[in-house]
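Student:
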Amino acid sequence: MRYAPRRGSGRVGVVMVVLVGAVFAGLSPAAAAGPRPVALAGGLARESGEPSVHRGSFWTHAACTQAGREGTAAGRWSRFTCVSSHVSWALWTDR
Numbered sequence: 000m001r002y003a004p005r006r007g008s009g010r011v012g013v014v015m016v017v018l019v020g021a022v023f024a025g026l027s028p029a030a031a032a033g034p035r036p037v038a039l040a041g042g043l044a045r046e047s048g049e050p051s052v053h054r055g056s057f058w059t060h061a062a063c064t065q066a067g068r069e070g071t072a073a074g075r076w077s078r079f080t081c082v083s084s085h086v087s088w089a090l091w092t093d094r
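0 is the number of the first residue of the sequence shown in numbering that gives the first Met the number 0; add one for each residue after it.
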């Protein structure tokens, strides 16, 4: 007796692969949403006059914060914020 797969059973697998690929490729809703508020020294956030720049995604908040501080120390940007998405933390900067 031969095994015959059910019709349409592969659709769910294809949808899951596309969804997971989109999240890990940076096409998550947080990355596609556009400019984010920029964090200020007091922990407050405000909209800046210039659009925020997405610098990357990190698995932990600590890694995101470390990358933001290193960029600030190197003079690449002056303000940064780490925004939580579904799976990772996104680093947004002012320039």
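From the three backbone atoms N, C-alpha and C, an ideal C-beta is built for every residue, glycine too.
(1) If we count the other Cβ atoms within 10 Å of its Cβ and call it buried at 16 or more, is His60 buried or exposed?
(2) Is Gly55 helix, strand or coil by DSSP?
(3) Express the C-alpha separation of Gly74 and Cys63 in angstroms, rounding to a whole number.
(4) Please check the pair Arg54 and Thr80, which I expect to be a contact at CB under 8 Å, by giving their CB distance rounded to whole angstroms.
(5) To the nearest angstrom, how far is the alpha carbon of Ser83 from that of Ala89?
(6) Kindly indicate which three-state DSSP category Ala89 falls into: helix, strand or coil?
(7) What are the boundary residues of the beta strand (DSSP E) that Ser84 is part of?
(8) Please list, in chain order, all residues of the same chain as Gly67 whose beta carbon is under 6 Å from its beta carbon, the five residues on each side excluded.
Tutor: Let's see:
(1) exposed
(2) strand
(3) 17 Å
(4) Contact doesn't hold; Cβ gap of about 10 Å is too wide.
(5) 6 Å
(6) strand
(7) Segment: none, Ser84 is in no beta strand (DSSP E) and carries neither H nor E.
(8) Phe79, Leu90
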